[in-house]
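Structure first, commentary second.
Number of protein chains: 2
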Amino acid sequence: MRCYSVWIFLGDSRMSDIVISTTDNSRLSLLLNWYANPYHTPIFMAHYLGFYEDEGLSPAIMETTDPSDVTDLIGQNKVDIALKAMIHTYAARAKGYKVVSTGTLFHEPPTGLIFLKSSGIKGFEDIRGKRIGYIGRFGKIIIDDLARRAGIELDAYETVRVGMNMTDAILQNQVDAGMGIGCFQQVELEQASGQETGILRVDELAGLGCCCFCSILFLVNEEYLAHNEDKVRRFMKATQRGVQWTLENPEKAYDLLCQNIPRLRTETFRKIYISCLPYFSRDLVNVERDWDKVGTYAQELGITDESMDAMSCYSNEYLPERPYADFQPLDGHYLSESRAAS
Amino acid sequence: MRCYSVWIFLGDSRMSDIVISTTDNSRLSLLLNWYANPYHTPIFMAHYLGFYEDEGLSPAIMETTDPSDVTDLIGQNKVDIALKAMIHTYAARAKGYKVVSTGTLFHEPPTGLIFLKSSGIKGFEDIRGKRIGYIGRFGKIIIDDLARRAGIELDAYETVRVGMNMTDAILQNQVDAGMGIGCFQQVELEQASGQETGILRVDELAGLGCCCFCSILFLVNEEYLAHNEDKVRRFMKATQRGVQWTLENPEKAYDLLCQNIPRLRTETFRKIYISCLPYFSRDLVNVERDWDKVGTYAQELGITDESMDAMSCYSNEYLPERPYADFQPLDGHYLSESRAAS
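Taken in sequence, the protein lines are chains D and X. Quick note on the UniProt record's numbering: the first sequence kicks off at 1 and runs consecutively. Quick note on the UniProt record's numbering: the second sequence kicks off at 1 and runs consecutively.
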């Protein structure tokens with residue numbers, strides 16, 4: 001009942017196109033890296049619950065119909081903020097796009113080659129003679145690199161670009177396996193097929209030690225950032241509140257998401273949502289270790305060279321000084337700050 | 001088999017983020033008025049079949065998560081081209097947004113109050129005591145205007161903003177009826193409920209004589225247009241080819257749409273697609289009579305006043321001189337041109 005009343009309230013006010021603030025009615029355009037899905041929940045919570053509005057922001061959240069478009073659009077400064085993975089951020093910089101990550105939304109989701117067990121795939125060597133689906137250009141580069149590491153000739157398997165439709169491509173027998181995220185496409189494939197599925201994780205196959213190359217980040221263009229530093233800071237603060245609310249109210253958050261985007265109210269998306277919960281970054285921080293690791297990986301993949309400076313790709317200075325808190329500490333200080341000062 | 005091979009081709013080339021043209025790799029951002037759905041088919045055909053590419057264009061097609069955002073984004077020149085209805089175009093101009101319609105995608109879709117027959121609604125007077133869903137601000141204005149015409153007090157019914165989720169709101173018992181399009185939401189409601197549905201058409205209730213206020217148009221900002229006239233012209237030409245291909249190959253077009261956006265491969269969306277086919281504008285023309293009629297209606301609704309000049313809201317000069325044709329006429333002339341010259 002609580003959520004229902006929230007929704008009605010949202011219905012009459014939050015979603016209104018009458019902007020309350022009279023000082024700045026400019027919209028902040030935010031482009032998702034995918035169609036709206038459960039791993040975007042913290043952003044939608046910040047939107048529906050008015051956290052962005054509290055910061056004087058009026059975001060317009062858009063979905064992409066082709067994930068490969070997103071890098072160009074943020075790189076050409078045609079949207080204000082966009083979501084994209086860490087590996088794409090390096091690729092964008094290498095292409096000359098001045099994009100910067102100001103935070104992490106989704107941290108190290110398990111990413112790899114996903115398949116039905118009935119395909120007979122057990123190890124990476126089994127891709128011989130198979131058709132392998134990939135999302136965009138870098139998925140193919142990663143597959144070919146893994147094949148090289150495994151000593152598999154490039155003509156021993158076929159690659160097929162499938163965009164956002166990996167699960168469908170497997171079910172339509174257009175590919176035998178495809179690159180995807182364990183807590184998303186693997187769950188989707190299992191639900192849609194009713195069969196057992198498997199995943200060969202890229203981080204394990206490539207010896208990376210983490211799936212940080214696939215962490216999903218908030219990107220801005222340096223040109224936009226130069227004129228909107230405070231706006232980006234307020235955006236990150238409100239988003240942080242959205243993460244916190246999501247993690248403290250996981251079931252209510254999913255209900256509110258589905259009330260606003262009813263196509264997500266399916267058993268499959270509910271399972272995806274639950275599977276995604278562990279991977280939300282709680283502090284939105286860009287992790288230096290990850291950037292270093294993925295920087296090396298990007299060089300190995302030939303996406304960047306040694307001239308690429310990881311430090312140019314991200315900044316944590318737009319994040320709240322500490323994760324959002326409803327309460328001030330009783331003695332006015334945070335332990336971490338006391339320690340830093342001593 | 002034909003479509004499958006087309007798709008594979010698209011998979012490897014058309015959807016690539018490697019832009020072939022080296023002269024201009026800037027992306028054209030195109031924001032849909034809704035989530036991607038069957039009435040956008042001509043645009044997606046022009047995209048998938050390379051008609052935009054043939055014109056040297058590289059569109060990035062985005063979906064909105066809130067239809068009310070679209071007017072602001074095109075009005076603030078934050079996207080290059082956007083889809084929005086005729087009534088919104090007047091509202092945008094009245095708000096000071098310098099937007100111009102350069103063509104019509106979807107012409108006079110039947111629009112009205114949609115409901116389950118089991119709700120007991122038979123005529124507009126039956127909204128007394130009911131909860132009526134609307135998409136955005138102007139839907140509410142239209143409902144209240146119809147109530148005024150019918151002599152129904154404004155407090156005799158309740159209005160609830162439901163965004164894109166009218167069908168879901170009815171099924172979740174959050175509203176009793178809602179504003180929507182006959183060939184979309186009514187079909188969806190009938191499929192989802194398995195019950196008989198009804199529609200009270202706004203054009204009939206308001207004595208308009210056509211549902212042109214809801215025709216879906218291609219909008220650009222005057223500022224963008226001033227610097228991109230040729231680009232807009234090429235966009236409209238390629239889109240015209242997309243319409244033509246869709247109408248000449250309706251089943252192939254739906255297959256290709258679903259191969260690229262698999263969530264549309266449902267019986268409901270197939271029925272919506274078939275129901276939408278009659279309403280695609282074949283020549284994309286802005287119809288002067290419609291603009292006049294809707295101009296008067298917008299004044300009656302209090303959205304604009306008599307200072308609004310319909311001619312400032314649209315232009316047909318970016319459309320191809322004649323609808324796209326594969327062949328030149330055998331004698332080098334079109335009858336219409338001969339007649340015009342004589």
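Virtual Cβ for every residue (Gly too), placed ideally from N, Cα, C. Only a predicted model underlies this, so the values are computations on that prediction, with no experimental measurement involved.
Inter-stretch contact at 8 Å, needing at least 3 Cβ pairs: the stretch 147–164 of chain X / the stretch 219–232 of chain X: no
Top-ranked residue by Cα proximity to D305/D, from A92/D, E63/D and A36/D: As a first step, residue 305/D is located in the first sequence; it is residue number 305 there, counting from the start. Nearest C-alpha to D305/D: A92/D.
Alpha helix (DSSP H) segment containing S260/X, residue limits: Within the second sequence, numbered from 1, the residue matching residue 260/X stands at position 260. Per the sequence shown, the amino acid found at residue 260/X is Asn instead of Ser. It spans P250 to N260 - the alpha helix (DSSP H) in which N260/X sits, taken as one unbroken run.
3 or more residues per run - each beta strand (DSSP E) lying fully within the stretch 117–141 of chain D: 131–134
Under the three-state DSSP convention, the category T167/X falls into: For this step, residue 167/X is matched to residue 167 along the second sequence. Note: T167/X maps to helix in three-state DSSP.
A206/X, DSSP secondary structure in three states: As a first step, residue 206/X must be located in the second sequence, where it is residue number 206. Residue state, collapsed to three classes: coil.
Beta-carbon neighbours of D61/D, restricted to chain X and to distances below 9 Å: The sequence position of residue 61/D within the first sequence is 61, counting from 1. The amino acid at residue 61/D is misidentified as Asp; the sequence shows Ile. T64, T65, D66 and D69, listed in chain order.
For C212/X and M86/X, believed in contact at Cβ under 8 Å, the rounded distance: The count along the second sequence starts at 1 and reaches residue 86/X at position 86. The count along the second sequence starts at 1 and reaches residue 212/X at position 212. With a Cβ gap of about 6 Å, M86/X and C212/X count as contacting.
From Q244/X, D292/X and G207/X, residue whose alpha carbon lies closest to that of T89/X: In the second sequence, residue 89/X corresponds to position 89, counting from 1. For the residues Q244/X, D292/X and G207/X, the minimum Cα distance to T89/X belongs to D292/X.
Residues of the stretch 40–51 of chain X with Cβ closer than 9 Å to any Cβ of chain D, in chain order: F44 and H47
Any chain D beta carbon closer than 8 Å to S26/X: Taking the second sequence and counting its residues from 1, the one referred to as residue 26/X is at position 26. Cβ-Cβ to chain D under 8 Å: yes for S26/X.
Sequence ranges, alpha helix (DSSP H) only - wholly within the stretch 29–88 of chain D, length at least 4: 41–48, 51–54 and 68–75
Residue(s) in a DSSP beta bridge with G96/D: For the purposes of this step, residue 96/D is taken as residue 96 along the first sequence, with counting starting at 1. Per DSSP, none; premise fails for G96/D.
Through-space distance from V287/D to Y52/D, alpha-carbon basis: Taking the first sequence and counting its residues from 1, one reaches residue 52/D at position 52. Taking the first sequence and counting its residues from 1, one reaches residue 287/D at position 287. Answer to the nearest angstrom: the Cα atoms are 25 Å apart.
Residue range of the beta strand (DSSP E) that includes L200/X: For this step, residue 200/X is matched to residue 200 along the second sequence. Looking at the DSSP string, the run of the beta strand (DSSP E) that includes L200/X is T197 to R201.
Beta-carbon contacts of D145/D that lie in its chain and below 6 Å, excluding the five residues immediately before and after: Along the first sequence, read from residue 1 onward, the residue named residue 145/D stands at position 145. Excluding sequence neighbours, D145/D sits near L301.
Spatial distance of I114/D from M164/D (CA atoms): Looking up residue 114/D in the first sequence gives position 114. Looking up residue 164/D in the first sequence gives position 164. Their Cα atoms are separated by approximately 14 Å.
K84/X vs N33/X beta-carbon contact at 8 Å: On the second sequence, residue 84/X is found 84 positions in, with the first residue counted as 1. On the second sequence, residue 33/X is found 33 positions in, with the first residue counted as 1. Yes, they are a contact pair.
Selection of the stretch 147–180 of chain X by Cβ proximity to chain D, strictly under 7 Å: V160, R161, V162, G163, N165 and D168
Supposed close pair H107/X, S215/X - CB separation, criterion 8 Å: One-based indexing of the second sequence puts residue 107/X at position 107. One-based indexing of the second sequence puts residue 215/X at position 215. At roughly 5 Å, the Cβ-Cβ gap stays under 8 Å, so H107/X and S215/X are in contact.
Beta-carbon separation (whole angstroms), A177/X vs S118/X, contact threshold 8 Å: Position 177 of the second sequence, counted from the first residue, corresponds to residue 177/X. Position 118 of the second sequence, counted from the first residue, corresponds to residue 118/X. Not confirmed; about 11 Å, so no contact.
Segment contact flag, the stretch 166–183 of chain X with the stretch 119–138 of chain X, C-beta cutoff 8 Å, min 3 pairs: yes
For G242/D and Q259/D, the rounded distance between their alpha carbons: By 1-based counting over the first sequence, the position of residue 259/D is 259. By 1-based counting over the first sequence, the position of residue 242/D is 242. Answer to the nearest angstrom: the Cα atoms are 17 Å apart.
Near-chain X residues of the stretch 98–112 of chain D - C-beta to any C-beta below 7 Å: none
V285/X versus K271/X, Q240/X, T71/X and R263/X, residue with shortest Cα-Cα distance: Your numbering for residue 285/X matches position 285 in the second sequence. Comparing Cα positions, the closest option is Q240/X.
Segments assigned alpha helix (DSSP H), at least 4 residues, entirely inside the stretch 265–341 of chain D: 267–276, 288–300 and 335–341
Reduced DSSP secondary structure (H/G/I, E/B, other) of S101/D: Start at 1 with the first residue of the first sequence, and residue 101/D comes out as number 101. S101/D falls in the strand class under three-state DSSP.
Option nearest L57/X by Cα separation, candidates L257/X, A298/X, N25/X and P67/X: What you label residue 57/X is simply residue 57 of the second sequence in a count that begins at 1. When each option's Cα is compared against that of L57/X, the closest is N25/X.
Cut-off 7 Å between Cβ atoms - residues of its own chain near H40/D, not counting five sequence neighbours on either side: As a first step, residue 40/D is located in the first sequence; it is residue number 40 there, counting from the start. Same-chain partners within the cutoff: L32.
Under 7 Å from the C-beta of K78/D: neighbouring residues of chain X: If you number the first sequence from 1, residue 78/D lands on position 78. Here the neighbours are R27 and S29.
Pairwise C-alpha distance: Q186/D and K98/X: Numbered from 1 along the second sequence, position 98 holds the residue referred to as residue 98/X. Numbered from 1 along the first sequence, position 186 holds the residue referred to as residue 186/D. Using only the alpha carbons, I get a separation of about 46 Å.
Three-state secondary structure assigned by DSSP to I181/X: Taking the second sequence and counting its residues from 1, one reaches residue 181/X at position 181. Residue state, collapsed to three classes: strand.
is_contact[A36/X, chain D] using C-beta, thresh 8 Å: Within the second sequence, numbered from 1, the residue matching residue 36/X stands at position 36. Output row for A36/X: interface = yes.
Beta-carbon proximity check, I61/X vs T65/D, cutoff 8 Å: Position 61 of the second sequence holds residue 61/X. Position 65 of the first sequence holds residue 65/D. Yes, these two residues count as a Cβ contact at 8 Å.
Residues that P262/X contacts on chain D, provided the C-beta gap is smaller than 9 Å: Here residue 262/X is taken as the residue at index 262 of the second sequence, counted from 1. Within 9 Å Cβ-Cβ: M164, N165, T167, D168, A169, L171 and Q172.
Burial state of K122/X (16 or more Cβ within 10 Å): Residue mapping note: residue 122/X aligns to position 122 of the second sequence, counting from 1. When all chains shown are included, K122/X counts as exposed.
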